Amino acid sequence: AAQENKWNVVQWLVKHGKANVEATDNDGQTVLLWAAQCNLDVVQWLVEHGKVNVEATDNDGQTVLHCAAQVNKWNVVQWLVEHGKANVEATDNDGQTVLHCAAQKNKWDVVQWLVEHGKTNVEATDNDGQTVLHCAAQENKWDVVQWLVEHGKANVEAKDNDGQTVLHWAAHGNLDVVQWLVEHVKANVEAKDNYGMTVLHWAAHGNLDVVQWLVEHVKANVEAKDNYGMTVLYSAAEGNLDVVEWLVEHGKANVEAIDNDGQTVLHRAAHKNEWDVVKWLMEHVKANVEATDNDGQTVLHYAAQKNEWDVVKWLVEHGKANVETKDNHGMTVLHWAAHGNLDVVQWLVEHVKANVEAKDNYGMTVLYSAAEGNLDVVEWLVEHGKANVEAIDNYGRTVLYYAAQVNKWDVVQWLVKHGKANVEATDNDGHTVLHCAADGNLDVVEWLVEHGKANVEAIDIHGRTVLHRAAQKNKWDVVKWLVEHGKANVEAIDNYGWTVLHYAAQVNKWDVVQWLVEHGKANVEAKDNYGMTVLYSAAEGNLDVVEWLVEHGKANVEAIDNYGRTVLYYAAQVNKWDVVQWLVEHGKANVEAKDNDGMTVLHWAAHGNLYVVQWLVEHGKANVEAKDNDGQTVLHWAARKNKWDVVKWLVEHGKANVEATDNDGRTVAHWLLKRKL
1 AAQENKWNVV
11 QWLVKHGKAN
21 VEATDNDGQT
31 VLLWAAQCNL
41 DVVQWLVEHG
51 KVNVEATDND
61 GQTVLHCAAQ
71 VNKWNVVQWL
81 VEHGKANVEA
91 TDNDGQTVLH
101 CAAQKNKWDV
111 VQWLVEHGKT
121 NVEATDNDGQ
131 TVLHCAAQEN
141 KWDVVQWLVE
151 HGKANVEAKD
161 NDGQTVLHWA
171 AHGNLDVVQW
181 LVEHVKANVE
191 AKDNYGMTVL
201 HWAAHGNLDV
211 VQWLVEHVKA
221 NVEAKDNYGM
231 TVLYSAAEGN
241 LDVVEWLVEH
251 GKANVEAIDN
261 DGQTVLHRAA
271 HKNEWDVVKW
281 LMEHVKANVE
291 ATDNDGQTVL
301 HYAAQKNEWD
311 VVKWLVEHGK
321 ANVETKDNHG
331 MTVLHWAAHG
341 NLDVVQWLVE
351 HVKANVEAKD
361 NYGMTVLYSA
371 AEGNLDVVEW
381 LVEHGKANVE
391 AIDNYGRTVL
401 YYAAQVNKWD
411 VVQWLVKHGK
421 ANVEATDNDG
431 HTVLHCAADG
441 NLDVVEWLVE
451 HGKANVEAID
461 IHGRTVLHRA
471 AQKNKWDVVK
481 WLVEHGKANV
491 EAIDNYGWTV
501 LHYAAQVNKW
511 DVVQWLVEHG
521 KANVEAKDNY
531 GMTVLYSAAE
541 GNLDVVEWLV
551 EHGKANVEAI
561 DNYGRTVLYY
571 AAQVNKWDVV
581 QWLVEHGKAN
591 VEAKDNDGMT
601 VLHWAAHGNL
611 YVVQWLVEHG
621 KANVEAKDND
631 GQTVLHWAAR
641 KNKWDVVKWL
651 VEHGKANVEA
661 TDNDGRTVAH
671 WLLKRKL
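According to the UniProt record's numbering, the sequence shown is numbered sequentially starting from 1.
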């Protein structure tokens, strides 16, 4: 009823129908907020007789006052302030007061009334730090700007969160406001925002008359640089050819200035796809087409990256740009073009004879760039450009290997089927393309094995198969497929004696460990070159894997490595006290077992973690006075390793004998003095 301006219906519903005047719709608006957009009479009645809340806000944080201002209901605004006692300083979710709204709507008479009668704060800022003056300038409301400055005493140098003054905003489009602010209010033309941009920088984005006036009448600095080292000409080059022309011809702007990234104005125009600016700069002021930025790239590199083949053609034919110029990464224009645009590639190869086999700093030819995602470019380069499919980069990788590495499996398929690429070629580390594919993409792995006939058992220089590689990279879907469908050997060992089960246990994949043991029939007791079983690998990480291997995999807790140490030693050595605790309490691990040097688990624990030492002594009943082959006790070892906290605890709580001597007659004191504790 309020929305349709049926105020007699509103009255009846409130008086007789007991309608809830504070009920809100989905936008959080009460009936008063709706009425404020329509009819003063309804607003008056609701406030005076309906006792509605004048300060209620909707979902945008706007009060009745904001809503009235938004739809130019200034009689409602005035009444709410004078009679409804509405708060003129209330802010919405954007931090704007009703004065911000009035300024944006160009209601200078309302602005005047709010300031003079409503005592509204002219300097109030919204969430963007913008004052009412900023808002008026932003919306090109220059009569409001004038009144706020002359009568409201608004601060023309106030800056918003981006450091912009009202003059920065005015420079976007209104010469009258700019002139008035500079001539009558003495606004600072050289003021810089947070990005170091002057008023002239902003004007150059699109307003030629403002640029002309600032340069000719105020002598604004054409060569002023922002925080990125860009002059005003860079701003103009982002899309305003008329401003570029005027700045160069009349403002004497330096065309060859360079910014912090080494880019010239020509680079900037190319970066922003402003090719009309590029052409004008080259034709009329002879801008240097071979200038390079900090990455060694010319404007031709930029054009190739942007897939602008007509511009590439123009730069080469008319600008005489060098096609074989390399950037700091050794990439030619053809390398960059191959990332995306077949037309550019074809033209460069067929008409300019660009070198297809040119290599970048990593030894990668143009075909590698194409392999990152453009099958059509790959096909053309191989079939028409005669690109070498078996070229290798500095790491020994072929294009096929690289395509697999970046997960471009359509490229992989084509190279094998049509390019006759060698699937068994190896890189410098002995990895085949299948090793590489195992890093990430099961689809590629499946296709290479089933259709490319790739060798599942190929080994790299570390003796690792594809299965090892997949396990190393946590690619368990690949592991399972290789075992189930690729018939990969789960007992294959690398140069360190590790099986795939060792790797799975090390990275805490107990579900994979379970699968390999139950379905892959992997040997739990397989030992590596140091005599360590899978249980040792598990002890380094997750207790869950240790528990499963012992309880379900029947792993031998007392198995010893080449040094005579059980898994309990290893857990103590790497400070896995939860594993130590479980092995002793549930795995029944022998705390007093000695290794080849006669050292117990407690000797090893004393190397590092006090908590492990405490638990072994207090709960595991480990012998504090046990001696190794050199006659040294646990206390000797704690002293030797500078573990002062362990020394103190062993003496104070473990009752360790401080006078015990080793085979050379040395006590703990000897070691403490030697270590200068």
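The beta carbon of each residue, even a glycine, is placed where N, CA and C say it ideally should be. Since the model is a prediction, treat every value here as computed from it, not as a measurement.
Backbone CA spacing between residue i and residue j [nearest angstrom]
{"i": "D662", "j": "N629", "result": "9 Å"}
{"i": "T365", "j": "M282", "result": "31 Å"}
{"i": "E470", "j": "E139", "result": "According to the sequence provided, residue 470 is Ala. The question's Glu does not apply to it. A470 and E139: Cα-Cα distance of roughly 60 Å."}
{"i": "V132", "j": "V311", "result": "46 Å"}
{"i": "L677", "j": "N642", "result": "Confidence at L677 is low in this model, with a pLDDT of 47, below 50, so the placement of that residue is unreliable and no value is reported for it."}
{"i": "L348", "j": "V378", "result": "15 Å"}
{"i": "T426", "j": "G340", "result": "28 Å"}
{"i": "Y536", "j": "T499", "result": "13 Å"}
{"i": "E547", "j": "H329", "result": "51 Å"}
{"i": "K576", "j": "Q632", "result": "24 Å"}
{"i": "K313", "j": "N72", "result": "56 Å"}
{"i": "N394", "j": "G463", "result": "22 Å"}
{"i": "N46", "j": "W79", "result": "Checking the sequence shown, residue 46 turns out to be Leu, not Asn. Near 13 Å, if we compare the C-alpha coordinates of W79 and L46."}
{"i": "T198", "j": "S235", "result": "11 Å"}
{"i": "A224", "j": "H335", "result": "36 Å"}
{"i": "V115", "j": "K107", "result": "12 Å"}
{"i": "V656", "j": "V579", "result": "As written in the sequence, residue 656 is Ala, which differs from the Val given in the question. A656 and V579: Cα-Cα distance of roughly 25 Å."}
{"i": "G497", "j": "V456", "result": "18 Å"}
{"i": "E592", "j": "G654", "result": "16 Å"}
{"i": "N542", "j": "N508", "result": "5 Å"}
{"i": "V9", "j": "Q130", "result": "42 Å"}
{"i": "N529", "j": "A492", "result": "13 Å"}
{"i": "N254", "j": "D128", "result": "34 Å"}
{"i": "V352", "j": "D343", "result": "13 Å"}
{"i": "K306", "j": "V54", "result": "56 Å"}
Presumed contact (8 Å Cβ cut-off) between residue i and residue j, rounded CB distance
{"i": "N388", "j": "E357", "result": "6 Å"}
{"i": "N26", "j": "G61", "result": "No, N26 and G61 are not in contact; Cβ-Cβ is about 16 Å, not under 8 Å."}
{"i": "K473", "j": "D494", "result": "Not a contact, Cβ separation roughly 14 Å."}
{"i": "V557", "j": "G587", "result": "4 Å"}
{"i": "V232", "j": "A204", "result": "5 Å"}
{"i": "T30", "j": "A56", "result": "5 Å"}
{"i": "L583", "j": "V624", "result": "Actually they are not in contact, since the Cβ atoms of L583 and V624 sit about 20 Å apart, beyond 8 Å."}
{"i": "V189", "j": "L214", "result": "6 Å"}
{"i": "L65", "j": "V98", "result": "5 Å"}
{"i": "E183", "j": "A158", "result": "With a Cβ gap of about 19 Å, E183 and A158 do not count as contacting."}
Which of helix, strand or coil DSSP assigns to residue i
{"i": "N307", "result": "coil"}
{"i": "L677", "result": "With a pLDDT of only 47 at L677, under 50, the local geometry of the prediction cannot be trusted, and the value read off the model is given with reservation. Of the three classes helix, strand and coil, the one that applies to L677 here is coil, per DSSP."}
{"i": "Q212", "result": "helix"}
{"i": "A669", "result": "helix"}
{"i": "W275", "result": "helix"}
{"i": "V545", "result": "helix"}
{"i": "D176", "result": "helix"}
{"i": "M282", "result": "helix"}
{"i": "W498", "result": "coil"}
{"i": "Q164", "result": "coil"}
{"i": "Q297", "result": "coil"}
{"i": "R469", "result": "helix"}
{"i": "N8", "result": "helix"}
{"i": "R640", "result": "helix"}
{"i": "Q506", "result": "helix"}
{"i": "V47", "result": "helix"}
{"i": "K648", "result": "helix"}
{"i": "N227", "result": "coil"}
{"i": "D662", "result": "coil"}
{"i": "E157", "result": "coil"}
{"i": "D25", "result": "coil"}
{"i": "A403", "result": "helix"}
Contact test: residue i Cβ vs the ligand FMN heavy atom, cutoff 8 Å
{"i": "T661", "result": "The ligand FMN is absent from the structure shown, which contains no ligand whatsoever."}
Legend entry - Three or more C-beta pairs below 8 Å linking the region 258-268 and the region 276-295: Output reads yes: the region 276-295 touches the region 258-268.
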